[in-house]
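The structure appears right after this line, and notes come after that.
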Amino acid sequence: MAKRGKKINLLKKTSRKYLISAVVLLLISLVPLYFVTQHFIREETDDSLKSTLYRIEKLLDEGQQVNSIHPIIEISQTRLPGVLALKDTLIHDPLEGEMERFRQLSAYKRTNGNTYRISVRILLVESEDIVLAVLTTFLSIILAIFLAQYYFTRQHAKTIWSPFFENLRRIKAFSLKSEKKIDLIETDVLEFSELNNELRTLTEKVALDYKNLKQFTEDVSHEIQNPLAIMQATIGTIIDDNAVNDQQFELLTELQQNVQRLARLNKKLVLLAKIENQQFASSGTLNMVEVLQQSIEDHQEMGSVSITMETAKPIEIHMDPTLARILTDNLLSNAVKYTPEDGQILVTATNTSFTVSNTGDQPIAAPEKLYNRFYREDNTKKSLGLGLAIVKKICDSHGLKIQYAFKAQYHQFSVYFPQH
Amino acid sequence: MKLLIAEDEVALQESIIKFLKREGFVCEAASNYDEALYKVSLYDYDVVVLDINLISGSGLDVLKALKKEGKKSGVIIISANNSLDDKLEGLDLGADDYITKPFHLTELNARIKAVLRRGKYGGDVCLVHNEITVNTEYRQAYVNDRTMPLTRKEYDLLVYFMVNKNRVLSKEVIAEHLWGDHIDLADNFDFIYVHINNLRKKLTTVAADYIKTVYGIGYRFTDG
Chain A
17 MAKRGKKINL
27 LKKTSRKYLI
37 SAVVLLLISL
47 VPLYFVTQHF
57 IREETDDSLK
67 STLYRIEKLL
77 DEGQQVNSIH
87 PIIEISQTRL
97 PGVLALKDTL
107 IHDPLEGEME
117 RFRQLSAYKR
127 TNGNTYRISV
137 RILLVESEDI
147 VLAVLTTFLS
157 IILAIFLAQY
167 YFTRQHAKTI
177 WSPFFENLRR
187 IKAFSLKSEK
197 KIDLIETDVL
207 EFSELNNELR
217 TLTEKVALDY
227 KNLKQFTEDV
237 SHEIQNPLAI
247 MQATIGTIID
257 DNAVNDQQFE
267 LLTELQQNVQ
277 RLARLNKKLV
287 LLAKIENQQF
297 ASSGTLNMVE
307 VLQQSIEDHQ
317 EMGSVSITME
327 TAKPIEIHMD
337 PTLARILTDN
347 LLSNAVKYTP
357 EDGQILVTAT
367 NTSFTVSNTG
377 DQPIAAPEKL
387 YNRFYREDNT
397 KKSLGLGLAI
407 VKKICDSHGL
417 KIQYAFKAQY
427 HQFSVYFPQH
Chain B
26 MKLLIAEDEV
36 ALQESIIKFL
46 KREGFVCEAA
56 SNYDEALYKV
66 SLYDYDVVVL
76 DINLISGSGL
86 DVLKALKKEG
96 KKSGVIIISA
106 NNSLDDKLEG
116 LDLGADDYIT
126 KPFHLTELNA
136 RIKAVLRRGK
146 YGGDVCLVHN
156 EITVNTEYRQ
166 AYVNDRTMPL
176 TRKEYDLLVY
186 FMVNKNRVLS
196 KEVIAEHLWG
206 DHIDLADNFD
216 FIYVHINNLR
226 KKLTTVAADY
236 IKTVYGIGYR
246 FTDG
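As you go down the protein sequences, you meet chains A and B in turn. FYI, the numbering for the first sequence is 17 to 436, going by our numbering. FYI, the numbering for the second sequence is 26 to 249, going by our numbering.
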């Protein structure tokens, strides 16, 4: 099942993943780096302290006078010898004027009858500065490498994926209606090449099915007219012979009605197919208000329901005149069919839309099915159930939007024109 | 008046001829493309009823040949295909009218007579029935030379009745004729009664009740 939600572009997704993992790795590697560096520096410091201590001891052995240098070297005579100790300590540093952390090595030395306490120290701030410097250098170098690699990978990915994106664009532009085969660019990537082959096979198969289906529909709709015409003419001849009685005439009329119904059904299905195949070229503009008025006039002559139209400014739109008329006719006849005897139909128009409203008792039960073929809200009506499907199809093929609403006991169908 | 019916569906062709003969037309038949082509080049017809999809050829080619030879026949195209392109092409080639299958014979009859009435085929633009005269050029009806005001639909209805004199017309057939392509939008054809009754009243007041109800649900225009 496809994941819903926001879609992210492939290149962004790969590079984002790469960046995130790079940052995580970098942060994790900083921890051991910090400890290792610190450990080495500490060891170095301790070695340095030991060597200073050794030098001082050697000087004392030679009987030389060694002076203290506060706070890094302190030598004092003592009576109680202690043990060698290495530790961190806080001592006032007169140079800085504040308490500083020092590494301190204390030892006791007996020489020439005297016992000395020797403390040598090294300022720790320096070593921490070194750790920091090492870490920063490491971080910047690695970051620079990562960024460079990120950039190059992205460029590289773009090149590798470019045939894929180009083909995707061509697939999007592919239409079953145009009889052209899909044209995909070849690459040396095996998977892309396989994808192309599969797509070609698939589209060819679909195109063939589509063509067959279309041919079948056209044949059926065309060939059905001849038998219907014969039936219609035969019924006409029988009636014309004046040799039928009342009951037979009624039956024949009934037959005639059904022949017409079949013919109309056929005509409407063909119309739907034609709109779908975009066989109507919208040549020039027309005034929608005028079309509405003509349609209203015809419907008024057909029924008893009152239809009123508010006068409106002309609406110029780009549309095939036949289709425009079919659109208004279907909306109006739908309104006429579902208006109660004492009801009324209102047609209003603005600059960007028109609305056909008719009185009704309750909102439509299943508005989502309204535009389905052969869906009838009320089966008692003698409707083919194709009117609104045709309306929807015309709207879709011309970028018009149709909306149903039930407001203040009125069913309202509004058609919105595209905004330029 | 001599007509050629070029139609490859023989059953349909026979029905058409039988119907038109009762109108007093002389009818000849052509059942395929070659026969149609042969007959139009050999004889002169007042009207040729031409099916587009003839066996072994297109009716449109017959039409082209007809026009090329400078024949004065009126042409009505019959098509099984309700395609606007065919219609436009036919009319462009010089056809006078276009009718889609299935059609009512009374409708074809009305179309043939309308073609004949047009000046260029030497027909009379006026229809006459006793005291009623209809000038189809001005779309005006007269009773004893006095204008009879009619609505658009009443006028069309009267003409349809007059060209299909003595024929039984059901309300479906009438509705189909008056509203043509838009009729399929109607839920039922009861609204036809209003128009028929109005016309009937007007005719009865100034002339006679020529429109008779037959079989309870049909109509016939007769002498009374």
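Quick reminder that beta carbons are idealized off the backbone N, C-alpha and C, glycines included. All figures in this text were calculated on a predicted structure; none of them were measured in a lab.
Does residue i have its Cβ less than 9 Å from a Cβ in chain B?
i: A/HIS414; result: no
i: A/GLN273; result: yes
i: A/ASP345; result: yes
i: A/MET335; result: no
i: A/GLY252; result: yes
i: A/HIS238; result: yes
i: A/PHE429; result: no
i: A/LEU288; result: no
i: A/GLY376; result: no
i: A/GLU317; result: yes
i: A/MET17; result: In this prediction, A/MET17 scores a pLDDT of 45, lower than 50, which makes its location untrustworthy; no coordinate-derived value is stated.
Under the rule that 16 or more other beta-carbon atoms within 10 Å means buried, what is residue i, buried or exposed?
i: B/GLU179; result: buried
i: B/THR51; result: Reading off the sequence, residue 51 of chain B comes out as Val, not Thr. Under this definition B/VAL51 is an exposed residue.
i: B/LEU133; result: buried
i: B/TYR235; result: buried
i: A/LYS409; result: buried
i: A/ASP358; result: exposed
i: A/MET17; result: Note that A/MET17 scores a pLDDT of 45, beneath 50, so its modelled location is shaky; the value from the coordinates is reported in the next line. Answer is exposed; the Cβ neighbour count stays below 16.
i: B/GLU156; result: exposed
i: A/ARG95; result: exposed
i: A/LEU102; result: exposed
i: A/ASN258; result: exposed
i: A/GLN241; result: buried
i: B/LEU37; result: buried
i: B/PHE128; result: buried
i: A/ASP314; result: buried
i: A/PRO97; result: exposed
i: A/THR338; result: exposed
i: B/ALA55; result: buried
Under 9 Å between C-beta atoms, does residue i make it to chain A?
i: B/ARG177; result: yes
i: B/PRO127; result: yes
i: B/ARG192; result: yes
i: B/GLU201; result: yes
i: B/SER195; result: yes
i: B/LEU113; result: no
i: B/ASN57; result: no
i: B/LEU182; result: no
i: B/ASP117; result: no
i: B/HIS154; result: no
i: B/VAL198; result: yes
Flag this pair as yes or no: are the beta carbons of residue i and residue j separated by less than 9 Å?
i: A/LYS57; j: A/VAL136; result: It should be pointed out that residue 57 of chain A corresponds to Ile in this sequence rather than to Lys. The answer is no: Cβ separation not under 9 Å.
i: A/GLN272; j: A/ILE251; result: yes
i: A/THR344; j: A/MET318; result: no
i: A/THR440; j: A/THR375; result: Nothing can be reported for residue 440 of chain A, as the shown portion of chain A is limited to 17 through 436.
i: A/PHE118; j: A/ILE134; result: no
i: A/ASP331; j: A/PHE429; result: Residue identity check: residue 331 of chain A is Ile in the sequence provided, not Asp. Cβ distance not < 9 Å, so A/ILE331 and A/PHE429 don't count as in contact.
i: B/SER104; j: B/ILE77; result: yes
i: A/SER322; j: A/GLN264; result: no
i: B/PHE186; j: B/GLU197; result: no
i: B/GLY119; j: B/LEU88; result: yes
i: B/VAL140; j: B/ILE101; result: yes
i: B/LEU67; j: B/ILE137; result: no
i: A/PHE162; j: A/LEU42; result: yes
i: B/SER83; j: B/TYR123; result: no
i: B/TYR240; j: A/GLU270; result: no
i: A/ALA249; j: B/PHE246; result: no
i: B/ARG142; j: B/VAL150; result: yes
Would the C-beta of residue i count as close to the ligand SAH, meaning under 8 Å from any of its heavy atoms?
i: A/ALA101; result: Because no ligand of any kind appears in the structure shown, any question about the ligand SAH cannot be addressed here.
Near-chain A residues of the segment 35 to 53 of chain B - C-beta to any C-beta below 8 Å
ALA36, LEU37, SER40, ILE41, LYS43, PHE44 and ARG47
Whole beta strand (DSSP E) elements within the segment 112 to 137 of chain B, 3-residue minimum
122 to 125
Scan the segment 38 to 100 of chain A and note each continuous alpha helix (DSSP H) run of 4 residues or more that stays entirely inside, going in chain order.
none
With 7 Å as the limit, tell me which residues of the segment 78 to 98 of chain B have their beta carbon closer than that to any beta carbon of chain A; keep them in chain order.
none
Unbroken beta strand (DSSP E) runs of length 3 or more, entirely within the segment 148 to 211 of chain B: which are they?
151 to 154, 157 to 160, 165 to 168, 171 to 173 and 193 to 195
Residues of the segment 216 to 239 of chain B in Cβ contact with chain A at a cutoff of 7 Å, in chain order, please.
PHE216
Hey, which unbroken runs of the alpha helix (DSSP H) at 4 residues or more fall wholly within the segment 377 to 415 of chain A?
403 to 413
Where in the segment 182 to 237 of chain A do unbroken runs of the alpha helix (DSSP H), each at least 4 residues long, occur, reported from the N-terminal end onward?
none
Please go through the segment 290 to 367 of chain A and give each complete alpha helix (DSSP H) segment of 4 or more residues, from N-terminal end onward.
304 to 318 and 337 to 353
Chain B contacts made by the segment 182 to 215 of chain A, where a contact means CB separation under 7 Å:
none
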